[in-house]
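Report on the structure given below.
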Amino acid sequence: MDDAISVRNGSKTYRSGKETVIALDDISLSVKKGEIFGLLGPNGAGKTSLISILVGILNPDSGSAVIFGKDCVEETQAVQSSLNLVSGFSGAIGSLSVEEALTYYAMLYNVKDSKKVIARLLKQMNLYESRNWTAEDLSSGMRQRYFICRGLLNDPKLLVLDEPTVGLDVESAIDVRKIIRDLRAKGHTILLTTHNMFEAEELCDRIAFINHGKILAIGTPEELKGKIISQRTIEIHCSMEKCVAEQLKGMKGVKAQIKSPQIVHVTVDSYTKTKDIMRALASCNGEIYSVNEMEPTFEEIYLKFMNNKGGKK
Amino acid sequence: MNGSLSRILSQVYRGVNMMRRNTFRLTDVFVWPILYLFTLTFFVTYLGSNQSYLYMIILGMMGWRAMYFINLEMVTAFTEEYWSKSLGYLFASPISRMELAIGSAISGLLKAIIVLIIYLVLTYAIYGFTVPNWGIFLVGVAFLLLAGFTMGLFMLGVGYFMKQEAFNISFIIPDMLALLSGVYFSIEVVYPKWLLPVIRLLPTTQAFELLKSSVGLGNPDYTLLIVTAVGWLAVAYAFNGYMYNKAKKEGKLARLG
Chain A
1 MDDAISVRNG SKTYRSGKET VIALDDISLS VKKGEIFGLL GPNGAGKTSL ISILVGILNP
61 DSGSAVIFGK DCVEETQAVQ SSLNLVSGFS GAIGSLSVEE ALTYYAMLYN VKDSKKVIAR
121 LLKQMNLYES RNWTAEDLSS GMRQRYFICR GLLNDPKLLV LDEPTVGLDV ESAIDVRKII
181 RDLRAKGHTI LLTTHNMFEA EELCDRIAFI NHGKILAIGT PEELKGKIIS QRTIEIHCSM
241 EKCVAEQLKG MKGVKAQIKS PQIVHVTVDS YTKTKDIMRA LASCNGEIYS VNEMEPTFEE
301 IYLKFMNNKG GKK
Chain B
1001 MNGSLSRILS QVYRGVNMMR RNTFRLTDVF VWPILYLFTL TFFVTYLGSN QSYLYMIILG
1061 MMGWRAMYFI NLEMVTAFTE EYWSKSLGYL FASPISRMEL AIGSAISGLL KAIIVLIIYL
1121 VLTYAIYGFT VPNWGIFLVG VAFLLLAGFT MGLFMLGVGY FMKQEAFNIS FIIPDMLALL
1181 SGVYFSIEVV YPKWLLPVIR LLPTTQAFEL LKSSVGLGNP DYTLLIVTAV GWLAVAYAFN
1241 GYMYNKAKKE GKLARLG
């Protein structure tokens, strides 16, 4: 079995006063061993409920959640032993030093040779010199690295990362992303939630868009782009924009529009039209400065999904 | 080491190191209990009461502290994790609710032992107090420790839903029980007759009666002592489990932070 996580028909509702709030609505997904799987959606989409079920602190109303073959409700302790959690919103016990706190957490996971493991992780995360500081003394970047140390104490098969770079400066965020990539290289399965679309696209092997408790789509970043984009836009920067627009006019599946002097935007409905566009360009006399395909950002893809398929209830 | 034992000891490790590094928690063990002890014993000696009353006060203080530290440490461990936004992480770790309760209770027991030793040394030095009957004393203290654990289980059960409010209640309940159980006086003399059957069913009343009996001022009912201790413990265990599962089902546990 290659699935690290398998959720089948998971549903969860909460009572909020007299209202019933649907947090998860018949969700099914699977995460393969060794992949970075992104769970993206707005606040209140159901991400936290799903993670809470997976880490054994919330029971689903119906359906099942299984991690490495163990049921999250029936075999909670075994599931919890195989995973760990790093949250950008987590706190740290202020009075204990970094080393003491990690020793405490290592005892929770019954880590063998904990002293050595802690020293190795602290060195790996560049925190060894600060091991006697209390968590309150750490900068936000150091604190996040400390949380990653905590998350790796039991060498978890599954690491749940809940907005691991929130509030970090650019350098620290780059460091954390490098650590995440290294973890994948070492075979850890990673479930990542983030509001940073650049980060999601850069790190994740596969992504699920979730909103109003429903999975809107699952796929690789490229597949998700393909699902939402039916057309490509090519920007041509040239000295003969009128000629190019005229040549492309009337061509099936192609729309050309002069956006500004020397700039033509050509919208095509398939990749097979590239040759036709090049031919049109060649038939006009003038300078071609650049030809670029205008790719939508992953943020735009995300917004399109949220607005088209689940943004409005 | 066995996983369960390691998780239980994690709470002891945490409690001891938190005390070592936190002035407030150090004073809770090394300052306040001594101030309370002398406030009461000075008052009794000022009134010129006989030695039995003075000894009853000392034994009562010891028993009350034993109960107080177990309960308080269980709730404090929980609340400190909540304050530091680590409670969600703790419950996502493999520690079970009972491992958490037992571990923090052991941490409280260590503090209770420290305070009892301080009390024994100080009261011997100042009043020449020695424990009149070690057997009765140890049994009485053991039952009060158990009562503290019972209270802690109740408070943790409340905490799953009321979060830090459980911490506030945990300060009130031991004092209420101390008042009702007649730690420093005879319940037959002070309370109306109609209330006595209820008071006798509290998990602490018979244990304090036992301690007082060692200086000839108590009248313990051994059957009630055992029945109330075991009965309340069973109810607290079931209550804690019910509240934990309910919190897990209703999403309260996931929202603890």
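Just so you know, the protein sequences line up as chains A and B, in that order.
Number 9 in my numbering belongs to position 9 of the first sequence; there are no gaps in the numbering.
Offset between the second sequence (1-based) and my numbering: plus 1000.
A virtual CB, placed ideally from N, CA and C, is assigned to each residue, including glycine.
Amino acids of chain A, ordered along the chain, whose beta-carbon sits closer than 7 Å to that of residue i
i: Gly1251 (chain B); result: Tyr14, Leu58
i: Asn1022 (chain B); result: Ser95
Reference residue i; option with closest CA among the options
i: Pro156 (chain A); options: A:Glu299, A:Leu191, A:Phe89; result: A:Leu191
i: Ser239 (chain A); options: A:Lys70, A:Gly69, A:Glu287; result: A:Glu287
i: Asp269 (chain A); options: A:Gly56, A:Arg232, A:Ala119, A:Thr48; result: A:Arg232
i: Glu293 (chain A); options: A:Glu299, A:Phe305, A:Val264, A:Pro164; result: A:Val264
i: Leu1009 (chain B); options: B:Lys1212, B:Val1198, B:Met1098; result: B:Met1098
i: Leu960 (chain B); options: B:Glu1080, B:Leu1233, B:Leu1211; result: The structure shown does not extend to residue 960 (chain B), since chain B is modelled only from 1001 through 1257, so no value can be given for it.
i: Ser1186 (chain B); options: B:Lys1163, B:Leu1035, B:Val1215; result: B:Val1215
i: Leu121 (chain A); options: A:Glu136, A:Ala173, A:Ser87, A:Leu183; result: A:Leu183
i: Ser1096 (chain B); options: A:Thr103, A:Glu100, A:Leu108, A:Ser87; result: A:Leu108
i: Asn1022 (chain B); options: A:Asp276, A:Arg177, A:Thr134, A:Leu159; result: A:Thr134
i: Ala1077 (chain B); options: B:Ser1104, B:Asn1240, B:Met1176, B:Ile1172; result: B:Ser1104
i: Gly34 (chain A); options: A:Lys249, A:Phe68, A:Ile229, A:Arg131; result: A:Phe68
i: Asp3 (chain A); options: A:Asp71, A:Glu202, A:Glu295, A:Lys304; result: A:Asp71
Residue-chain proximity (residue i, chain A), Cβ-Cβ < 9 Å
i: Phe1091 (chain B); result: yes
i: Tyr1013 (chain B); result: yes
i: Ala1166 (chain B); result: no
i: Lys1085 (chain B); result: yes
i: Leu1009 (chain B); result: yes
i: Gly1152 (chain B); result: no
i: Gly1088 (chain B); result: yes
beta-carbon residue i near the ligand COA non-hydrogen atom, thresh 8 Å
i: Gly1152 (chain B); result: This structure simply doesn't include the ligand COA, nor any ligand for that matter.
Chain-order list of residues whose beta-carbon lies under 8 Å from that of residue i (same chain, five-residue window excluded)
i: Met125 (chain A); result: Arg145, Tyr146, Ile148, Cys149, Ile179
i: Ser76 (chain A); result: The amino acid occupying residue 76 (chain A) in the given sequence is Thr; Ser does not appear at that position. Within the same chain, Thr76 (chain A) has close Cβ partners Gly56.
i: Leu1037 (chain B); result: Ile1058, Met1061, Tyr1119, Leu1122, Thr1123
Residue-chain proximity (residue i, chain B), Cβ-Cβ < 9 Å
i: Tyr105 (chain A); result: yes
i: Tyr109 (chain A); result: yes
i: Gln257 (chain A); result: no
i: Thr193 (chain A); result: no
i: Gly44 (chain A); result: no
i: Leu96 (chain A); result: yes
i: Arg184 (chain A); result: no
Contacts that residue i makes with chain B (C-beta to C-beta distance below 8 Å)
i: Val55 (chain A); result: Ala1092
i: Gly213 (chain A); result: In chain order: nothing, as chain B lies at least about 13 Å away.
Own chain, CB closer than 6 Å to residue i, minus 5 neighbours either side, in chain order
i: Ile1113 (chain B); result: none
i: Phe198 (chain A); result: none
i: Leu1145 (chain B); result: Ala1066, Ile1070
i: Ala208 (chain A); result: Leu29, Leu39, Ile215, Ile218
i: Ser1058 (chain B); result: According to the sequence provided, residue 1058 (chain B) is Ile. The question's Ser does not apply to it. Around Ile1058 (chain B): Thr1123, Phe1129.
i: Glu136 (chain A); result: Gly94
i: Val117 (chain A); result: Val111
i: Lys255 (chain A); result: Thr267
i: Val86 (chain A); result: Phe147, Ile148, Gly151, Leu161, Pro164
i: Gly1060 (chain B); result: Val1183, Tyr1184
Beta-bridge pairing of residue i - partner residues as DSSP gives them
i: Asp3 (chain A); result: A:Lys32
i: Tyr14 (chain A); result: A:Val21
i: Cys238 (chain A); result: A:Ile288
i: Asp162 (chain A); result: A:Ser87, A:Thr193
i: Gln257 (chain A); result: A:His265
i: Lys1249 (chain B); result: Beta-bridge pairing links Lys1249 (chain B) to no other residue.
i: Val66 (chain A); result: A:Ser6, A:Asp71
Neighbourhood of residue i by C-beta, 7 Å cutoff - its chain only, sequence neighbours within 5 removed
i: Lys320 (chain A); result: Lying before the first or after the last residue shown, residue 320 (chain A) is absent from chain A, which here runs from 1 to 313.
i: Ser11 (chain A); result: Leu24, Asp25, Asp26, Pro60, Asp61, Ser62, Gly63
i: Gln247 (chain A); result: Ala280, Ser283, Cys284
i: Ala1236 (chain B); result: Thr1150, Leu1153, Phe1154
Neighbour list for residue i in chain B, Cβ cutoff strictly below 9 Å
i: Glu35 (chain A); result: In chain order: nothing, as chain B lies at least about 21 Å away.
i: Ser81 (chain A); result: Gly1003, Ser1093, Pro1094
Chain-ordered neighbours of residue i on chain B, where CB pairs are closer than 7 Å
i: Glu100 (chain A); result: Asn1017
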